Amino acid sequence: HGTHVAGTIGARGNNSVGVTGICHTVKIMPLKFLDAEGSGSSADAILAIDFARTHGARIMNNSWGSGGFSQLLLEAIQRARDAGILIVAAAGNEGLNNDDAPFFPASNNIFTDNVVSVAATDRNDLLASFSNFGQNSVDIAAPGVAILSTTPGDTYRTFSGTSMATPHVSGAAALLLARYPFLTPAQLKARLLFNVDRPSTLAGKVATGRLNVNQALVTDDISPGKPSALTTSGRASSALLLTWNASGDDGLAGVASQYDLRYQTAPISEANFGAANRAANLPKPGPSGSRQSYLLTGLAPNTTYYVALRAVDNVGNVSSLATTGPFSTLATTCLLDDVEGVPQFSGTSPWAVTTEQSASPTHSYTDSPGTFYAANRDISLTQNTAVTLSAGEPLLAFRARTNLEDHFDFLHVEVTADGGATWQRVLSLTGTTDWTYYSVPLTAYSGRSVRVRFRLITDEAIAGDGVWLDDIRICASVGARVSAFDDDVEGTPTFVGPPPWAVTATDSFSPTQSYTDSPGTQYVDNLDSSLTQVSEVSLAGFVPILTFMAKTSLEFGFDLLHVEVSIDGGATWQQQKLVLTGTTNWSQYSVPLARYFGQSVKVRFRLVTDSSVTDDGVLLDDIRIGGEQILPVGVNLPAPPDNLTATGVSSSQIDLAWADNSNNESGFIIERSADGVSFAPVHTVGANVRTYSDAGLTANTFYFHRVRATSAAGDSAYSNVASAATLPAPGGKLKVSRRVNFGRVGVSSSTTRSLLIRNASRTESLDIRVGRPENPYIIESGGGAVTIPPHGRHLVTLRFQPTVGTRFTGSVSIVSGDPARPTASVTLIGRGK
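Going by my numbering, the sequence shown opens with residue 3, and the numbers climb by one from there.
Take a look at the structure:
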């Protein structure tokens, strides 16, 4: 294996013997750390890398790898980077997507820019069937099928693998250094990646294309021109909309190869450009002078940023810096925990605050301080106090660093809106990442009081260093939510798929129907079937996010639901990072679509199954595309009000009160709803007013209210939604028992009792409203608002369903129009056995 790789890199040429290497006068330093079966340790790999670094290597060929991340190995690669060394590494031979399942050391290219990840192609420029791939994580492809090269004993053999593709790129890098000996690793990598051939067969499989050594050797001493008129034209709570004029490849002539855009919270110069945060998914440079835009997302709310941009040509020459800033993101913060003061989260042991890692400045939360996490863990870090979300586009934002067994150990992010009785998953993290910013839309919880928890679940084998969390925020948006697409699967289907994809009423998240791939049965083997959006959706004017609810029963790791996006009406599709597999209950998933900002897209859900083991499949519901409105810079909308409360004070009036968070409003718009869904304006009050009495309402009726600030610049997002009922109309005479006794009931069994409510007046009707009792008592019928006619009666059916063998004492409240008895409380008694 090693001899074969070495021959591809540098077998002697011009000697009429055997084969010729890519750079046939190269010097090779062979370093062996794997045994004859290909087994070895990361510790020995680190020793080999450090030995090569200290003994003068300029390029390291790594035709080996595994799925496990090693922080120490990454640090060895970074030491090589600082010594001016390029690392070329095989992408792997499992036929997997490295975007989903990283393969190291090749996937270290996401952490450091001196690593080139290499896939394998055949003689027809087709991706080899065995080759790993990845539109974002695999840099380049090179020949790796039926490669003839040197083997021991003066022989020559044909091998296939990404191990054979990698030395083609390493040999090309050596050839470039022979021609241009002063290239930095970044310039060397740029020449390799920006001068490829781009056959359509590799579209979506690698970041660039197939190696072209001849084109990479071209001489170019002219740097691109500096992009001009860089500015921020719009902003949101987690994004800035940047615009600039394109320059050229040689000064202002031609078209540059790519952009390098960096951002941070301090000014950026040539000296610190490399240390600033690098933006991803930048647009390709346009013709010189053309106006270009980019939506920079993943920013912290209420934070000031600076931005710098430069153009890069096809040989790695860079322009001078274009800079802009400061510009601040928007949003009001309901909760901020930077882990530096009093903790706002509490955890199941061993969750703790630590200083061993942090995003800023010194502390973070971790699940396993000072050690690896244990097997079979289910431990949570939970928000102490609930916060009430606005009705705009609220979001959860945090920074995390993870070292988890990929696809077996998970950090689930969960939300409760019912005091912790139930939790709903909104994000799952697995695998290894450096500090990364995550933003999770909480639109489904608008207007409700929520708590968040971070739940670590591990399996029985292979532990990692765990999780670190920092800078946790729950924010209310300033801009309103833009809803570009909404399918709750209750009307005319907006997605279609070949049978058996269908709409089903068997199971749903809300209210009655969902899409499924296999109604009433299990899916079949060897399936590749997609549920596809019928019409395109424009992603302009807002920070676009796809959200949906899903319930899955898939063979874990083998049967997969991919989320894919098309920007050409469905002619081609781009696989997104989110992939569902295994068994989950109804959970929310989100896919950022900012990379497609300003374009029209279609979405599809693509189910791919293997040749064995089937299951119940996938259910999809509440598919939405929307996001926070992008506001022009200079337009300062008022901050949304919050802490809205509603109190019924009479049979026709509800009093409202709220907190005024803005200093530039001209007034507040009050809206009312009978169902909590469809709201209409009822009144506008002036600036700095914090109360309103909504009168003329129907007696004994629930109403929902929300408030937003208004100004000449526009309206704020909404406050939380507050609900209250008007009081019953006066009249009537209430008669009701003081208690209901259910007796002894077996655990997990149940029994019912009737509660009789009478109107003892012979002339007046009696309005009542029956409240909800505490668990394990429930109202089966007769609850809510009721009018009892003169001398009439009303029955409420109550059920008692104990969960443990103990005494349960509860109550049910009754509000009435009886002036002598406006409220009553009935005691409920039962015992589980």
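Here a beta-carbon is modelled for each residue, glycine too, at the ideal position from N, C-alpha and C.
Quick caveat, the model's predicted, so the values are computed rather than measured.
- Sequence-distant Cβ neighbours of residue 455 in its own chain, meaning closer than 6 Å and more than five residues away, are 382, 384, 416.
- Assignment of beta-bridge partners to residue 644 by DSSP yields 661.
- As DSSP reads the structure, residue 64 sits in a beta bridge with 91.
- Cβ-Cβ distances below 7 Å link residue 792 to 761, 763, 764, 765, 766, 767 in the same chain, with the five nearest sequence neighbours on each side left out; the list follows chain order.
- As DSSP reads the structure, residue 477 sits in a beta bridge with 335, 397.
- Collapsing the DSSP output to three states places residue 10 in a helix.
- Contact between the stretch 640-660 and the stretch 679-698 is present: three or more C-beta pairs spanning the two stretches fall below 8 Å.
- The stretch 21-31 and the stretch 163-180 touch, with no fewer than 3 CB-CB distances between them shorter than 8 Å.
- Counting every other CB atom within 10 Å of its CB across the protein chains shown gives residue 679 a total below 16, marking it as exposed.
- In the three-state reduction of the DSSP assignment, residue 735 falls in the coil class.
- Per DSSP, residue 41 lies in no beta strand (DSSP E) and is assigned neither H nor E.
- Around the beta carbon of residue 524, a 10 Å sphere encloses fewer than 16 other beta carbons of the protein chains shown; the residue is thus reported as exposed.
- In this structure, the beta-carbon distance from residue 809 to residue 787 does not fall below 8 Å.
- Per DSSP, the beta-bridge partners of residue 566 are 577, 606.
- Taking a cut-off of 8 Å for Cβ pairs, the stretch 505-518 and the stretch 359-368 do not touch, as fewer than three such pairs fall below it.
- DSSP places residue 172 in the uninterrupted alpha helix (DSSP H) bounded by 164-181.
- Residue 829 is classed as exposed because its beta carbon has fewer than 16 other beta carbons within 10 Å across all chains shown.
- Going by C-alpha positions, residue 116 is about 19 Å away from residue 273.
- DSSP places residue 329 outside any alpha helix (DSSP H); the residue lies instead in the beta strand (DSSP E), whose first and last residues are 324-330.
- The secondary-structure analysis by DSSP pairs residue 761 across a beta bridge with 736.
- For the 8 Å CB-CB criterion, residue 373 and residue 411 do not form a contact.
- By the C-beta criterion, the stretch 232-244 is judged to be in contact with the stretch 621-632, since at least 3 inter-stretch pairs fall below 8 Å.
- Along the stretch 104-131, the beta strand (DSSP E) occurs as fully enclosed runs of 3 or more residues at 117-123, listed in sequence order.
- Counting only unbroken stretches of 3 or more residues, the beta strand (DSSP E) elements lying wholly within the stretch 510-548 are 516-518, 530-535, in sequence order.
- Cα atoms of residue 419 and residue 447: separation of roughly 7 Å, rounded to the nearest angstrom.
- DSSP links residue 766 through a beta bridge to no other residue.
- Between residue 605 and the set 574, 103, 582, the nearest pair of CA atoms involves 574.
- Contact annotation: the stretch 71-91 touches the stretch 48-63, with at least three C-beta pairs closer than 8 Å.
- Per the coordinates, the alpha-carbon of residue 615 lies some 9 Å from the alpha-carbon of residue 561.
- By the neighbour-count criterion, in which a residue is buried when 16 or more other Cβ atoms sit within 10 angstroms of its Cβ, residue 603 is buried.
- Residue 19 is classed as exposed because its beta carbon has fewer than 16 other beta carbons within 10 Å across all chains shown.
- Look at residue 717 here: in three-state DSSP terms it is strand.
- Within the stretch 389-459, complete beta strand (DSSP E) segments of at least 3 residues are found at 397-405, 412-418, 426-431, 434-443, 451-459, given in chain order.
- Within the model, the alpha-carbon separation for residue 51 versus residue 186 is close to 18 Å.
- Here residue 350 has 381, 382 as same chain residues with Cβ atoms under 7 Å from its own Cβ, once five neighbours each way along the sequence are excluded.
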